[in-house]
Amino acid sequence: MAGVYVILIWVKRKRKIRIGKLGPLVFVRGLYFYVGRALKGLEARIERHLRKTKMQFWHIDYLLEYSKIWGIIYLRTSNKKKECNVAFRLAKKFKSVRNFGSSDCRCTSHLFFKPI
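Numbering (this note's numbering), first residue to last: 1 to 116.
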């Protein structure tokens, strides 16, 4: 099954985390929203994100090592543009972490947050 998902992530305290090729980034305490997609195997992709032990491949893998997943919302769709549509809508409401998770599209980011 193909689809788009949003992971709701809680970052308990401000911390600096090295995010792959992006390098060290500061994450403030708050609620984060990561937008992703799986063109095949949506369930497997979500299960991978939920695992504690995994190879660090995507930007989100680095952040999840130091945070807690509060929930995941997903939509079954084969439309590749839905991921960017969701990111665009979140960008209107929340601050973003520039270039996070958006290296394969033209979006500014696929990670948004609300400081608390």
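Virtual Cβ for every residue (Gly too), placed ideally from N, Cα, C. No experiment lies behind these values; they were computed from the predicted model shown.
Separation of residue j from residue i, as counted between CA atoms
i: F94; j: F33; result: 9 Å
i: I7; j: Y74; result: 9 Å
i: M1; j: G23; result: 33 Å
i: F27; j: V11; result: 8 Å
i: R106; j: F88; result: 11 Å
i: N99; j: Q56; result: 17 Å
i: Y5; j: K21; result: 23 Å
i: S96; j: T53; result: 26 Å
i: E43; j: R15; result: 30 Å
i: I72; j: I9; result: 9 Å
Coil, strand or helix - residue i by DSSP
i: G3; result: strand
i: I116; result: coil
i: L90; result: helix
i: Y32; result: strand
i: G101; result: coil
i: K82; result: helix
i: Y74; result: strand
i: R37; result: strand
i: K95; result: strand
Member of the options whose CA lies at the smallest distance from the CA of residue i
i: K81; options: D104, F112, R18 and K16; result: D104
i: G41; options: L111, T77 and G71; result: T77
i: C84; options: K21, V35, G71 and E43; result: V35
Test item: CB-CB of residue i and residue j under 8 Å
i: R45; j: A38; result: yes
i: L31; j: K114; result: yes
i: G101; j: I60; result: yes
Q | Contact between the segment 58-71 and the segment 37-50 (3+ Cβ pairs under 8 Å) | A | The segment 58-71 vs the segment 37-50: in contact.
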